[in-house]
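The structure appears right after this line, and notes come after that.
Numbering (the working numbering), first residue to last: 157 to 385.
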């Protein structure tokens, strides 16, 4: 009788033994016979270690996300503490909320800030007939002020950001030369290489090409007209 019972139990257990056990993931599954080893494996980002009482799963020190063909993989390096592979390297002028900035973008900002902090340079010069003194290329930082100073006979008017430079309405010159004429404190001399006249407080005289009065030439003074020789 007991032998019959044992036989029946074996016959009932055989389908279960032959059926084994199935292990599957999100897609697909594998069948394993009872008593066989089942190895739990991870990919490059997941580690599996046999420990007392089971299998311990963990993250690798270097995690690569999106490593398939045609993708842009991002690597998180736990050893060096870096994230690489980000594609947002340029600065479009518009920030994307929640998106991490790359070193490339930070360098662009740093370069812009560095160039802005350099400021600019100021210098002076002169064209034909002009004079300049103390001219030198001078660095001006963004927080410094450049002042326009009105010299003699110059009028400067500032209206906000607009600066107007003009000649004074009442100029005071030591000497003025226009063409063949020269006006200074001694009078007005109008001459060319052949000579001319000198008009002063003492009267009118004829001069040679150097501006020297011609002896015995006609002249006009406060005492009258001298016809000369």
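No residue lacks a Cβ here, since even glycine has one placed at the ideal position from N, Cα and C. Note that the coordinates shown come from a computational prediction; the quantities given were computed from them, not determined experimentally.
Could you name the residues of the same chain whose beta carbon sits closer than 7 Å to that of residue 350, not counting the 5 residues immediately before and after it, in chain order?
For the purposes of this step, residue 350 is taken as the residue at position 194 of the chain shown. The beta carbon of residue 350 sits closer than 7 Å to those of 365, all from its chain and outside the five residues before and after it, given in chain order.
Out of 188, 356, 352, point me to the one whose CA is closest to residue 340's CA.
Here residue 340 corresponds to residue number 184 of the chain shown, with the count starting at 1. It is 356.
Using only CA atoms, which one of 227, 232, 266 lies nearest to residue 247?
Here the question's residue 247 lines up with position 91 in the chain shown. Nearest to residue 247 by alpha-carbon distance, out of 227, 232, 266, is 266.
By Cβ distance below 7 Å, which residues in the same chain neighbour residue 322 in space, the five residues on each side in sequence not counted?
The residue you call residue 322 lines up with position 166 of the chain shown. Correct list, in chain order: 311.
Would residue 361 be called buried (16 or more neighbouring beta carbons within 10 Å of its own) or exposed?
Residue 361 sits at position 205 when you count from the first residue of the chain shown. With 16 or more neighbouring CB atoms inside 10 Å of its own CB, residue 361 falls in the buried class.
Supposed close pair residue 194, residue 215 - CB separation, criterion 8 Å
For this step, residue 194 is matched to residue 38 along the chain shown. For this step, residue 215 is matched to residue 59 along the chain shown. No, residue 194 and residue 215 are not in contact; Cβ-Cβ is about 22 Å, not under 8 Å.
I need the boundaries of the alpha helix (DSSP H) containing residue 288, first residue and last residue.
Taking the first residue of the chain shown as position 1, residue 288 is located at position 132. Segment: none, residue 288 is in no alpha helix (DSSP H) and carries neither H nor E.
Given this structure, state the Cα-to-Cα distance separating residue 262 from residue 274, to the nearest angstrom.
On the chain shown, position 106 is the one that residue 262 refers to. On the chain shown, position 118 is the one that residue 274 refers to. About 18 Å.
By DSSP's criteria, residue 185 is part of a beta bridge. Which residues make up the other side?
For this step, residue 185 is matched to residue 29 along the chain shown. BP columns for residue 185 point to 180.
Buried or exposed: which applies to residue 204, given that a residue is buried once 16 or more other Cβ atoms fall within 10 Å of its Cβ?
If you number the chain shown from 1, residue 204 lands on position 48. The residue in question, residue 204, is exposed, as its Cβ has fewer than 16 Cβ neighbours within 10 Å.
With DSSP run on the structure shown, which of helix, strand or coil describes residue 257?
For the purposes of this step, residue 257 is identified with residue 101 of the chain shown, where counting begins at 1. The answer is coil: DSSP assigns residue 257 none of H, G, I, E or B.
Contacts around residue 374, its chain only, beta-carbon distance under 7 Å, and the 5 residues preceding and following it disregarded:
Here the question's residue 374 lines up with position 218 in the chain shown. The answer, listed in chain order, is 362, 382, 383, 384.
Per DSSP, what are the beta-bridge partners of residue 360 in this structure?
If you number the chain shown from 1, residue 360 lands on position 204. Beta-bridge pairing by DSSP links residue 360 to 355, 376.
What first and last residue would you give for the beta strand (DSSP E) that runs through residue 213?
Taking the chain shown and counting its residues from 1, the one referred to as residue 213 is at position 57. Element bounds for residue 213: 210-215.
With DSSP as the reference, identify every bridge partner of residue 220, one or two as the case may be.
Taking the chain shown and counting its residues from 1, the one referred to as residue 220 is at position 64. In the DSSP output, where bridge partners are listed per residue, residue 220 has 231.
Check whether residue 304 and residue 283 have beta carbons under 9 Å apart
Mapped onto the chain shown, residue 304 falls at position 148. Mapped onto the chain shown, residue 283 falls at position 127. Taking 9 Å as the Cβ cut-off, residue 304 and residue 283 do not qualify as a contacting pair.
Locate the beta strand (DSSP E) running through residue 318, then write down its first and last residues.
As a first step, residue 318 must be located in the chain shown, where it is residue number 162. For residue 318, the enclosing beta strand (DSSP E) has its first and last residue at 318-323.
Here's the rule: buried if 16 or more other CB atoms are within 10 angstroms of the residue's CB, otherwise exposed. What is residue 271?
Taking the first residue of the chain shown as position 1, residue 271 is located at position 115. Burial call: exposed.
In three-state terms, what does DSSP make of residue 268?
Within the chain shown, residue 268 is the residue found at index 112, counting from 1. Residue 268 carries a helical assignment under DSSP once its states are collapsed to helix, strand and coil.
Taking the beta strand (DSSP E) that residue 242 falls in, what are its first and last residues?
Mapped onto the chain shown, residue 242 falls at position 86. Here residue 242 belongs to no beta strand (DSSP E), and DSSP marks it neither H nor E.
By the DSSP assignment, the beta strand (DSSP E) with residue 311 in it spans what residues?
In the chain shown, the residue the question calls residue 311 occupies position 155. Residue 311 -> beta strand (DSSP E) spans 310-315.
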